[in-house]
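Okay, structure first, notes after.
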Amino acid sequence: MQQYGLSHDETALVGRDRELARLRSLEAKSRAGSLQVALLAGEPGLGKTRLLREIARCARQQGTTVLEGGASDAEGMPPYLPFLEALGQHIRSASTDELRAQAGTMVSVLATILPELSLRLGESVSSYPLPPEQARLRLFEAVGVFLSAIATPRPLLLILDDLHWSDRASLDLLCHVAQHQTNTRLLIVGAYRDGELMQRAAFERALTELARLRLLTPITLAPLTATAVAALASGYLGAAVDPAVSRLLAAQSEGNPFLAEELLRGWLESGALAQQQDGGAFYLVAPHPPLLPPSILNAVRQRLARLAPATAELLRCASIIGRTFDLALLARVTGQDEESAEECLHEAVQARLIHQLPPTATTAPTPFAFSHDTIRQCLYQEVRAVRRLRLHTRIGQELELRLARAHASTSAQQLAELAFHFARSGEVERGATYSQRAAQQALQTYAPAEAMAHQQTALQLLSADDPRRGPWLLELGAAALLASAWQEAIDAFQCAQEWGRRHGEQHLIGCAALGLGRAYWRQERIGPARLALEQAVAELSAQTTAETVEALVELGSLLILSLHQQEAALTCLERALDLARQLGERRLEAAACRALGNLLVRTNQIESGLPLLEQALSLAISLGEALEVSECCACLTMAYGWHGALDRRAQLFPLWLEYARRCHDPYQLRHLYTHLASSYALRSQWAEADEALDRSQSVVEELASPEPAALLQWTRGLLLAPRGHLSEAEDLIKTALVWYRQHASQSLAWWLGGLGFVQAIQGKQQEARTCLAELETLVAPLPAESMPLAHALCFMAATSAVLADQTWATRLYPRLLPFRGQFHSFLVDRLLGELALLTGETAAAETHLARAEAAARRLSLSFELAATLGTQSFLVLVRDGPQGIAQARLRLEEAVALSISTGTPTLAQLLQQQWQEWVHPHERAAGRPDRSTRLAHQPLPAGLSAREGQVLRLVAQGKSNRQIAEILVISERTVANHLRNIFNKTGVDNRAAAAVFAIRHGLLD
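The opening position of the sequence shown corresponds to residue 1 in full-length UniProt numbering, with each subsequent residue numbered one higher.
The following block contains the structure:
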């Protein structure tokens, strides 16, 4: 087997930035001559020792002396063990001269606990009797002075691990050193398990004393977050992990790093965890990994071994009840009185194995919980199978009796408890029934993953020919879809189909095919999705039901959205709407209206499609159908955008977000934040756009489908480009396109244009033209006047405009004209104006650009407005010739200033480059010298120096201080000084105004 997994010390420290920062701050204080004490507390496995080693590593890098020691629970250990180990390190490594100077006259006293000191120094120990109290005081003073001497040449970090096992004498010595060496460059960092203190009274007294002296900084380690657990897994395995692995690991380890690593090790060794080909992500081969690995069991058993036998036995019975249990139920099941049982549990509470919960309205008066589920699992596995079965039966019966006496309806938690116990008892039928009821209740409370688990248990308890198996398989598939567990959904629906064929259940076969189609589509497996949905329509058409309409809606939507088959899609959706109205099902009517309206919009029949979409949304809201409202909002967001109603689009996002969250289905959020980021970017609200992108990242990481992640990468790249990060933008878009080429080639026409556009801006003309040629091939089969075609043509037009390619402009203008007034990542009118300008159609260009300017100003689209103003400046040059240079420059000034002030320096630089290309022919016609000659002989305005002129030109090109410093090979501070001088001399107070000054005075001409 291939070897994976780093040792605990080799993996990067994750999730402890805050704690490490606090320790580094204390180290800085100690280096300044102020003794500091920090104690790390936490349950076993949380990484206390790992954090100690990290701060030791950091300290060594700073030149600090580091001494490490620790207590032990082994029998026969001497007192002062942590100090003996730490000081023993120093005695063995230091030179004899250093030791002699540091120990001074205290050698004989120190040698009473550190005999190797006298051996190293070659001195015989002479001592004289002292009363015990005085001898102890002299020893403590000697150790303190010794530590202070060690810390004199270099700061000292003293690490004391496992203090929960320390003896009382060590704790007293710690307090003495802290109290009497306060001006020593010494940082003491200890670690202990709260709950396993061998000398609890002494330890608490030490904590109190250190706190009283204001020397103690307590640091409690909390479990790692789910994100940190995922990072730990990636670091441990040396590769990314599938989101399902991260979720299960976080749930089972509960954020405990030791448990997480041991679980990973166990999964690898058992074959439950495997890696995708070519070094891809790790994934779970089996949905339910094996039991706890031996390393975890041994660690827990060591803690349990310290308990009284009666306490351990009571905990074993409690482990059968569950992670949480109440005293009354435990006492009844074990035949004890509550007082005796509580007395036994007190020892387990003191050992931090369990803790008492505050009573609530839904819990028993005295609820308890295991501190970690691994403790419960270890105890559970120690109970023999026959006894375990008997206890589960008894617990289930007691819970039923409670419900019967309460005469109350059964809650989701109570159903889950009954299902858990009867499923593991000898009463199979009751186990299956309660598991099924628990699954249904979990779905009603938006817990699809829990519903899946209950449903799987119910199915395991049914016989192969039980008539409930087929319908329950459908319910399992539906729960898996909601949980985004799409492969599990496919497996369930396929099993349902097989069961339906064996039993001649045509309707069930059709419903299973419908579920299969939905699952395949979410995985972007378009071919299998179409076949499954076509089968669903065929099987469900024998008798018209709600599922018939749903199948037609799904098939029609797939045909238009993914396959661009308008006629076939229209046939399906018109039939779906007709059948929905026949059935009188308003929910189905809303779905059919939404799908048909979406089709009409996507075929450029926006005036007909928008009313249907709005009608569907209104109907869905009135019915309280959260899922349908979310789907309608998604369609309307796109429709309003294409229609150029970007204000209405922006207003729709809060409603979409509200109802998408109500669905409790992360799939409904898959594109929401990405589109929201684009909406913010249109108005140059970059902070909000970046925040939305980050939220989208969190969503897509939880999804099994890679398509939303690819769209997010593409969008992130496209939004980086105008802000000057062109290389990074190109890389992100290329990465997204790799996925589209491999898995969704039918959609490639939507996305390839972004790459060509970014390459054109960078001056990569050949690569951009290659994209244009490939896009021409990709759009050939797309229906005329369809939205996919419009989207692709817009990027082709934008790329052609940057390239100033008249041939492409001539070819694209008539094809883009049917979409005038719309918006497809760009204002179509602006693109039409740019194409018309390139082809010499100045009157048409002026009309298009005037419309674009009006729309950009009305909708506050800063990027579009700046681009439009820039193109209008070129139009003035073409239309008016040399006489129009002054007027054109005014437009350009406004465009560049707007670009810089709104954080889009790429556009500012592009407009100025294009200005050079447009203006030079007219300057030559007017007899003006060329730019290089003019700049060489013409004095700079406002008394600017030559270097200040260089800086000003780069500012006007949208360059940052760092970029200017790199270009001119000067420091950023020097750039800042030049800018200050430029602002003072030119009378401006910001970069945008400085850029306008540069343009107005011809510094860029």
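Beta carbons are placed, not taken as given, at the ideal position from N, Cα and C, and that holds for glycine.
| Query | Result |
| --- | --- |
| Helix, strand or coil at L737 according to DSSP, with G and I counted as helix | helix |
| Sub-8 Å separation of G431 and A423 beta-carbons | yes |
| Contact between the region 497 to 504 and the region 451 to 462 (3+ Cβ pairs under 8 Å) | no |
| Residue from E917, A797, I321 and P243 with nearest C-alpha to P419 | Residue 419 is actually Ala in this sequence, not Pro. For A419, the nearest C-alpha among the options comes from I321. |
| Neighbourhood of A677 by C-beta distance below 6 Å, restricted to the same chain and skipping five residues each side | A689, A692 and L693 |
| Per-residue DSSP class, three states only, for D161 | strand |
| Check whether G556 and L540 have beta carbons under 8 Å apart | no |
| Beta strand (DSSP E) segment containing E68, residue limits | T65 to G70 |
| Residues of its chain near A897, where Cβ-Cβ distance is below 8 Å and the 5 sequence neighbours each way are ignored | A992, A993, A995 and V996 |
| Sheet register partners of Q275 (DSSP bridge) | F282 |
| Sequence-distant residues of the same chain with beta carbon closer than 7 Å to A616, five excluded per side | A590, C593, R594, G597 and C632 |
| Y434, DSSP secondary structure in three states | helix |
| When L588, Q102 and W521 are compared against V553, the one with the closest alpha-carbon | L588 |
| One or two residues paired with D326 in a DSSP bridge | P367 |
| Unbroken stretches of the alpha helix (DSSP H), 4 residues or longer, contained in the region 139 to 196 | 168 to 180 |
| Closest Cα partner of V601 within the set S630, Q582, G641 and R586 | G641 |
| Contact between the region 787 to 801 and the region 941 to 948 (3+ Cβ pairs under 8 Å) | no |
| Pairwise C-alpha distance: E141 and V177 | 8 Å |
| For Q356, the first and last residue of its enclosing beta strand (DSSP E) | I354 to Q356 |
| Contacts around I999, its chain only, beta-carbon distance under 7 Å, and the 5 residues preceding and following it disregarded | R889, L892, E893, V896 and A956 |
| For T220 and G42, believed in contact at Cβ under 8 Å, the rounded distance | 6 Å |
| First through last residue of the alpha helix (DSSP H) which encompasses I509 | Q506 to R522 |
| Unbroken beta strand (DSSP E) run spanning I113, endpoints | Segment: none, I113 is in no beta strand (DSSP E) and carries neither H nor E. |
| CB contact flag (R379, R469, <8 Å) | Note that residue 379 is Leu in the sequence shown, not Arg. In this structure, R469 does not lie closer than 8 Å to L379 by Cβ. |
| Classification of H355 by the beta-carbon crowding that lies within 10 angstroms, buried from 16 upward | exposed |
| Endpoints, beta strand (DSSP E) assigned at L216 | L216 to T220 |
| Beta-bridge partners of residue 1048, as assigned by DSSP | Any answer about residue 1048 is impossible in this case: the structure gives the chain only from 1 up to 1005. |
| Residue interval of the beta strand (DSSP E) (run including A38) | Q36 to A41 |
| Of the listed residues D278, L443 and L284, nearest to S270 (C-alpha basis) | L284 |
| Test item: CB-CB of D162 and A191 under 8 Å | yes |
| Supposed contact pair W750 and A792 - C-beta distance, whole angstroms, cut 8 Å | 7 Å |
| V349, DSSP secondary structure in three states | helix |
| Sequence-distant residues of its chain with Cβ nearer than 6 Å to T182 (five each side left out) | L35 |
| Three-state secondary structure (DSSP) of V969 | coil |
| Cα-Cα separation, A946 to A804 | 33 Å |
| Separation of L216 from R22, as counted between CA atoms | 12 Å |
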